[in-house]
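As given, the protein sequences belong to chains A and B, one line each in that order. Each number in my numbering comes from the position in the first sequence (counting from 1) with 3 added on. Each number in my numbering comes from the position in the second sequence (counting from 1) with 33 added on. Written out below as structure tokens is the structure these notes cover.
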Amino acid sequence: MRLVATASQTVGPFFYIGLGHLCNAQRSLETIPAAVHGKVLDALGVPVPDAVLELWQANTRGHYVAEPESNSGAASGFARIATDDQGCFSFNTCRPGAVPFDSEQMQAPHIVVLVFCRGLLRHLMTRMYFPDEPANDADPVLQSLPADRRRTLIASKASPDTLEWNIVLQGEDETVFFAW
Amino acid sequence: MPETSFVETVFVGTQPEYHYPPYVSSIARSPRKPLAMLPHTLSERTGPVFGHSLLAENDNDLTAQHEGAPIGERIIVHGRVLDEDARPVRGALVEMWQANAAGRYRHKVDQHHAPLDPNFTGCGRTITDQDGRYRFKTIKPGAYPWGNHSNAWRPAHIHFSLFGAGILSRLVTQMYFPGDPLQPFDPIFNSIADENARNRLVSRFDLDTTEPDYALAFAFDIVLRGSEEAVFEQVSR
């Protein structure tokens, strides 16, 4: 017998009460971390100060490690990041290794990103890709998108050590979001 | 080539639309461009597992987290977390949060003119057992007014957040209480078009789990999206 998955409801403005304990936690990741910062923006370009992102990524060897670390109780490939009063988020991570798409093709390094906020009745699912990454040209998910929308998933280099990537919930520069 | 999911087309109306104008803040925060189809690769079929080291004593008992007992009706909230094949989801992290009995949240943004309770924070978490069961002890939250429209009140509700097998199982939802007259007027509750799907968010009064002279009980089962080749069960804990 197939059951229907429970319906989603908005995370609401007070999520920090329940979800804050895992927000912006320190993680142990291999190699040199890359810093990523950005803003969540709404249809009017107004920053969203009450959003929370969840990240899921492979390690530098391209492996998803589900098991929690003993100190944090959470998998190192997972992070939960809340936006601040200016709608800004930032996190440190390592560039993940390539992960298979299927038995024939590989995917370019990417981070799975979930977006929750007041106003979103169901969370959004997107991906962040890395700049200066030759594998992007052969990534099946990126290449399945219209060329003008593809760039919304690729972070830009803000400085030698930092990347910038904004999440635009609605509008001309709307980030690509996925159905699952 | 990994299969794309067609669940969205099969179960119409069992999930809310993003753009739902009666819920005013959805107007500027919902995507309007077409969603892209996402093939289910390893990135989608895997997901984080959370360990028991995350949990401290009384994390699932919101009545025992402060010096005194909180004001309000003591309730047990419990249920099973299942996947779409009705199998228990073991080791699933369940996080929850809620307002106090007066309908006030312990959060700087909530300035609703109702008292805070020094003996209540409103945050709980637990991990499901071998049968996929979870259990919280708390007090029944009050309804509260919000600015969505004139004389708008949220029905009494508890926020739930779950991680099952794989990142696609991720669910954030709200549990409601039976017999609450506010539900028909609530845009968030009514954003779910399918009546059965909507009603499944309403908990069931559970007399059998009630503890005489002590606490009432409500049952709320939750179904998560499964992962076709879930790697979840292979992780040893």
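Think of the CB as a built atom: it goes at the ideal place given N, C-alpha and C, for glycine as much as any other residue. Predicted, not measured: the structure shown is a model, and the values here were computed from it.
Assuming contact is defined by CB atoms lying nearer than 8 Å, are residue i and residue j in contact in what I supplied?
{"i": "B/Gly-165", "j": "B/Leu-115", "result": "yes"}
{"i": "B/Leu-75", "j": "A/Val-102", "result": "yes"}
{"i": "B/Gly-155", "j": "B/Tyr-138", "result": "yes"}
{"i": "A/Gln-89", "j": "A/Pro-134", "result": "no"}
{"i": "B/Pro-217", "j": "B/Pro-55", "result": "no"}
{"i": "B/Val-301", "j": "B/Thr-159", "result": "Since the first residue of chain B shown is 34 and the last is 270, residue 301 of chain B is not available in this structure."}
{"i": "B/Asp-212", "j": "B/Thr-79", "result": "The question names Asp, yet the displayed sequence has Gly at residue 212 of chain B. Not in contact: B/Gly-212 and B/Thr-79 (Cβ atoms no closer than 8 Å)."}
{"i": "B/Leu-95", "j": "A/Phe-181", "result": "no"}
{"i": "B/Asn-53", "j": "B/Ser-183", "result": "For the sequence presented, residue 53 of chain B should be read as Tyr rather than Asn. No. Outside cutoff."}
{"i": "B/Tyr-167", "j": "B/His-190", "result": "no"}
{"i": "B/Ala-252", "j": "B/Arg-231", "result": "no"}
{"i": "A/Trp-168", "j": "A/Gly-41", "result": "yes"}
{"i": "A/Asp-94", "j": "A/Leu-44", "result": "For the record, residue 94 of chain A in the displayed sequence is Phe; it is not Asp. The answer is no: Cβ separation not under 8 Å."}
{"i": "B/Leu-117", "j": "A/Arg-5", "result": "Note that residue 117 of chain B corresponds to Glu in the displayed sequence, not to Leu. Result yes, Cβ atoms of B/Glu-117 and A/Arg-5 sit closer than 8 Å."}
{"i": "A/Cys-26", "j": "A/Ala-85", "result": "yes"}
Nearest-angstrom Cα distance between residue i and residue j?
{"i": "A/Leu-166", "j": "B/Gly-101", "result": "48 Å"}
{"i": "B/Pro-324", "j": "B/Pro-188", "result": "Nothing about residue 324 of chain B can be reported from this structure: the residues present for chain B run from 34 to 270 only."}
{"i": "A/Asp-164", "j": "A/Val-55", "result": "24 Å"}
{"i": "A/Glu-107", "j": "A/Ala-138", "result": "14 Å"}
{"i": "B/Val-25", "j": "B/Thr-242", "result": "What the structure shows of chain B is the stretch from 34 to 270, and residue 25 of chain B is not part of that stretch, so it cannot be assessed."}
{"i": "A/Ile-114", "j": "A/Asn-74", "result": "23 Å"}
{"i": "B/Thr-206", "j": "A/Arg-64", "result": "35 Å"}
{"i": "A/Ala-28", "j": "B/Ala-226", "result": "37 Å"}
{"i": "A/Phe-104", "j": "A/Val-144", "result": "9 Å"}
{"i": "B/Glu-228", "j": "A/Ser-11", "result": "14 Å"}
{"i": "A/Gln-146", "j": "A/Arg-130", "result": "13 Å"}
{"i": "B/Arg-258", "j": "A/Leu-117", "result": "15 Å"}
{"i": "B/Phe-222", "j": "B/Asp-162", "result": "29 Å"}
{"i": "B/Val-82", "j": "B/Pro-49", "result": "27 Å"}
{"i": "A/Leu-148", "j": "A/Arg-154", "result": "10 Å"}
{"i": "B/Leu-234", "j": "A/Ala-82", "result": "28 Å"}
{"i": "A/Val-7", "j": "A/Ala-37", "result": "40 Å"}
{"i": "B/Glu-77", "j": "A/Gln-60", "result": "10 Å"}
{"i": "A/Trp-183", "j": "B/His-73", "result": "8 Å"}
{"i": "B/Ile-108", "j": "B/Asp-239", "result": "10 Å"}
{"i": "A/Ala-78", "j": "B/Asp-246", "result": "42 Å"}
{"i": "A/Gly-48", "j": "A/Ser-159", "result": "19 Å"}
{"i": "A/Arg-30", "j": "B/Arg-113", "result": "31 Å"}
{"i": "B/Gly-84", "j": "B/Trp-186", "result": "37 Å"}
{"i": "A/Cys-91", "j": "B/Asp-254", "result": "36 Å"}
{"i": "A/Tyr-132", "j": "B/His-145", "result": "42 Å"}
{"i": "B/Val-57", "j": "B/Leu-149", "result": "27 Å"}
{"i": "B/Ala-248", "j": "A/Glu-72", "result": "37 Å"}
{"i": "B/Gly-124", "j": "B/Leu-88", "result": "12 Å"}
{"i": "A/Gln-173", "j": "B/Tyr-51", "result": "11 Å"}
{"i": "B/Gly-105", "j": "A/Pro-50", "result": "37 Å"}
{"i": "B/Thr-47", "j": "B/Ala-119", "result": "17 Å"}
{"i": "A/Gly-100", "j": "B/Asn-181", "result": "45 Å"}
{"i": "B/Ala-132", "j": "B/His-140", "result": "10 Å"}
{"i": "A/Tyr-67", "j": "B/Trp-130", "result": "29 Å"}
{"i": "B/Ala-250", "j": "B/Glu-244", "result": "8 Å"}
Just checking my contact of residue i with residue j at CB under 8 Å: how many whole Å lie between their CB atoms?
{"i": "B/Pro-174", "j": "B/His-99", "result": "Not quite, the Cβ-Cβ distance comes to about 16 Å (not below 8 Å), so this is no contact."}
{"i": "A/Ala-111", "j": "A/Asp-87", "result": "Actually they are not in contact, since the Cβ atoms of A/Ala-111 and A/Asp-87 sit about 30 Å apart, beyond 8 Å."}
{"i": "B/Tyr-177", "j": "B/Ala-134", "result": "Incorrect: roughly 11 Å between the Cβ atoms, too far for contact."}
{"i": "A/Met-128", "j": "B/Leu-204", "result": "Not really, about 13 Å apart at Cβ, beyond 8 Å."}
{"i": "A/Arg-152", "j": "A/Val-171", "result": "The pair is not a contact, with the Cβ atoms about 11 Å apart (cut-off 8 Å)."}
{"i": "A/Phe-17", "j": "B/Asp-92", "result": "Actually they do not touch by this definition, with Cβ atoms about 18 Å apart."}
{"i": "A/Thr-184", "j": "B/Val-256", "result": "Coverage of chain A is limited to positions 4 through 183, which leaves residue 184 of chain A absent and any answer about it impossible."}
{"i": "A/Val-39", "j": "A/Phe-119", "result": "18 Å between Cβ atoms; not a contact."}
{"i": "B/Phe-153", "j": "B/Pro-103", "result": "4 Å"}
{"i": "A/Gly-76", "j": "B/Ser-86", "result": "4 Å"}
Can you tell me whether residue i sits near the ligand HEM, meaning its C-beta is under 7 Å from at least one heavy atom of the ligand?
{"i": "B/His-99", "result": "In the structure shown, the ligand HEM is absent, as is every other ligand, since no ligand is present at all."}
Should the stretch 186–199 of chain B be regarded as contacting the stretch 11–22 of chain A, the criterion being three or more beta carbon pairs within less than 8 Å? yes
Does the contact criterion of 3 or more C-beta pairs under 8 Å hold for the stretch 114–132 of chain A versus the stretch 56–71 of chain B? yes
Quick one: complete beta strand (DSSP E) runs, 3+ long, within the stretch 98–136 of chain B? 107–116, 126–130
At which residue ranges does the stretch 47–75 of chain B contain complete alpha helix (DSSP H) runs of 4 or more residues, listed in the order of the chain? 59–62
Jot down the residue ranges of each uninterrupted beta strand (DSSP E) in the stretch 83–142 of chain A, minimum 3 residues, whole runs only, in chain order. 91–96, 113–120, 127–132
4 or more residues per run - each alpha helix (DSSP H) lying fully within the stretch 216–242 of chain B: 220–223, 228–232
Which ranges does the alpha helix (DSSP H) cover as unbroken runs of at least 4 residues, wholly within the stretch 9–33 of chain A, from first to last along the chain? 19–22
Just list the beta strand (DSSP E) runs in the stretch 122–209 of chain B, keeping only unbroken ones of 3 residues or longer that don't cross its boundaries, in chain order. 126–130, 156–160, 166–172, 177–179, 185–187, 190–196, 204–209
Please give the ranges of any beta strand (DSSP E) in the stretch 33–79 of chain A, keeping only runs that are unbroken, at least 3 residues long and fully inside the region. 37–44, 54–59
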